[in-house]
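**Q** Got a structure for you, questions after.
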Amino acid sequence: MKPALARAVAGVPAPRILDCGCGTGSNLEMLRPYGRAVGFDLTSTGVRFARAHGQTVAQASITDIPFRSGTFDLVTSFDVFQCLPDAAERSAIAEMARVLKPGGWLLLHVAALEILHGKHSVLSEEVRRYTPARLRAIVEQGGFAIDRLTFDHMVLLPLMLPVRMWHRATAAGGQVAAGEAELAVPMAPVNAALTALVSLEALALRAVNMPIGSSLMCLARKTTRAPIAP
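Going by my numbering, the sequence shown opens with residue 85, and the numbers climb by one from there.
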C-alpha cells in the first residue's frame, strides 16, 4: 500500500487526501505522512471516535460526498466497496472522480474471491467479493485509467480458505451466520509468524503483482474523458 500512496503523491506540493469510509480514523493516521488527510464515514459512532482523537471527519455517504469538485489529489477507500449495494458502486466511483483534481489518483482496496465468503463476511455485511474483472470494469467506467491492479494477502489465503469453506459447509440451512472468531488475535508466536509473512509479501509487491489473494488493490488515475453515467 505504501508504494502506491507514494506514487500517487509524488511531486505534488502539499497533497490533499480524502479517505472515503474512514471508520474510526485509523487509516487517516496511515495517510498522514503523505499529505493533509481528511475523511468521512456513514456511522455516527465512527465519526465521534475519530473526532475525539483529533481527526477531521464528516458524516456522509460515499454516494454523496460533501466536498467540492476538484478538491483532492488522492482519494482512497479501504474495504468499503464490498459492502455497497450493487446500485451504489458506480455512483460511489463517480463521486470519487468528481472530488478529484484532473489527473488525481484513486486507491481502492476491496475483498476478493467469492469462495472466501464466511462468517466474517456476514458480520461486516459484505454484499460481494470482487474479481479483478469486476473491479477493473467499475473503475474504468468511472473515468479512470488503471495504473496497477493486484491481489494481496496471498500468504493468508491457505489459512483463510479452509476456514471459510468450513463456515459454508456447516451453515444451518445453507445460511452462514455472522461470527467474530477470525477477529481474535492469535497466540504471540503465530501472530509474529503471520506478521513476518505479510511483511515479506509487502516487499514482493513492490516489484510484482500477486496472482491471487484475499483482497484486491487498485491504483488508478482520473482521465479527461467523461465517465459512463451510473
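C-beta: ideal position from N, C-alpha, C; glycine also. From a predicted model like this one, the values you see are computed outputs, not experimental measurements.
Skipping 5 residues on each side, what residues in its chain have a beta carbon closer than 7 Å to that of Ser153?
**A** Here residue 153 is taken as the residue at index 69 of the sequence shown, counted from 1. These residues qualify, in order along the chain: Arg182 and Val183.
**Q** Just tell me which of Tyr214, Asp125, Asn111 and Phe162 has its CA closest to the CA of Gly297.
**A** As a first step, residue 297 is located in the sequence shown; it is residue number 213 there, counting from the start. Of the listed residues, the one whose Cα sits closest to Gly297 is Tyr214.
**Q** For Ala172, which residues from the same chain have a beta carbon less than 6 Å from its beta carbon, with the 5 sequence-adjacent residues on both sides left out?
**A** Residue numbering aside, residue 172 sits at position 88 when the sequence shown is read from its first letter. Only residues of its own chain outside the window of five on either side were considered, and among them Thr147 have a CB closer than 6 Å to the CB of Ala172, listed in chain order.
**Q** Over the uninterrupted alpha helix (DSSP H) stretch that includes Ala221, give me the two end residues.
**A** Counting from 1 along the sequence shown, the entry for residue 221 is found at position 137. Pro216 to Gln225 is the span of the alpha helix (DSSP H), which, as asked, contains Ala221.
**Q** In the DSSP assignment, the beta strand (DSSP E) including His204 goes from what residue to what residue?
**A** Counting from one through the sequence shown, the residue named residue 204 turns up at place 120. Unbroken run through His204 is the alpha helix (DSSP H), Lys203 to Leu207; no beta strand (DSSP E).
**Q** So, does the segment 92-100 touch the segment 128-145, judging by three or more C-beta pairs under 8 Å?
**A** no
**Q** Report all residues from its chain with a CB closer than 6 Å to the CB of Leu209; omit the five preceding and five following residues, and keep chain order.
**A** Position 125 of the sequence shown, counted from the first residue, corresponds to residue 209. It is worth fixing the name first, because residue 209 is Glu in this sequence and not Leu. For Glu209, where only same-chain residues beyond five positions count, the Cβ hits under 6 Å are Cys167.
**Q** To the nearest angstrom, report how far apart Pro216 and Ala280 are at their CA atoms.
**A** By 1-based counting over the sequence shown, the position of residue 216 is 132. By 1-based counting over the sequence shown, the position of residue 280 is 196. For Pro216 and Ala280, the distance between alpha carbons rounds to 26 Å.
**Q** Are the beta-carbon atoms of Asp163 and Ala196 separated by less than 8 Å?
**A** For the purposes of this step, residue 163 is identified with residue 79 of the sequence shown, where counting begins at 1. For the purposes of this step, residue 196 is identified with residue 112 of the sequence shown, where counting begins at 1. Contact flag unset, no.
**Q** Determine the direct distance from the alpha carbon of Arg290 to that of Leu112, and round the result to whole angstroms.
**A** One-based indexing of the sequence shown puts residue 112 at position 28. One-based indexing of the sequence shown puts residue 290 at position 206. Their Cα atoms are separated by approximately 22 Å.
**Q** Runs of 4 residues minimum, wholly inside the segment 128-193: which ones carry the alpha helix (DSSP H) assignment?
**A** 128-136 and 173-183
**Q** Would Glu198 and Met238 be called neighbours here (beta carbons separated by less than 8 Å)?
**A** Locating residue 198 in the sequence shown gives position 114, where the first residue counts as 1. Locating residue 238 in the sequence shown gives position 154, where the first residue counts as 1. Not closer than 8 Å, so no.
**Q** Between which two residues does the beta strand (DSSP E) containing Ala121 stretch?
**A** As a working note, residue 121 is residue 37 in the sequence shown. For Ala121, the uninterrupted beta strand (DSSP E) run begins and ends at Arg120 to Asp125, by DSSP.
**Q** Considering just the uninterrupted stretch of the beta strand (DSSP E) at Ser299, what are its terminal residues?
**A** For the purposes of this step, residue 299 is taken as residue 215 along the sequence shown, with counting starting at 1. From DSSP, the beta strand (DSSP E) with Ser299 extends over Ser299 to Lys306.
**Q** Please classify Ile199: does DSSP put it in a helix, a strand, or coil?
**A** The sequence position of residue 199 within the sequence shown is 115, counting from 1. Helix at Ile199.
**Q** List the DSSP bridge partners of Ala229.
**A** The residue given as residue 229 occupies position 145 in the sequence shown. In the DSSP output, where bridge partners are listed per residue, Ala229 has Arg305.
**Q** Quick check on Arg290: does DSSP put it in helix, strand or coil?
**A** Working through the sequence shown from its first residue, we reach residue 290 at position 206. Looking at Arg290 - three-state DSSP - the assignment turns out to be coil, as it is neither helix nor strand.
**Q** Would you give the residue range spanned by the alpha helix (DSSP H) that Arg252 belongs to?
**A** Position 168 of the sequence shown, counting from 1, holds the residue named residue 252. Leu241 to Ala253 is the span of the alpha helix (DSSP H), which, as asked, contains Arg252.
**Q** Quick one: grab the DSSP three-state call for Arg213.
**A** Residue 213 sits at position 129 when you count from the first residue of the sequence shown. Looking at Arg213 - three-state DSSP - the assignment turns out to be coil, as it is neither helix nor strand.
**Q** Determine which residues share a DSSP beta bridge with Thr234 and list them.
**A** For the purposes of this step, residue 234 is identified with residue 150 of the sequence shown, where counting begins at 1. Answer is Met301, bridged to Thr234.
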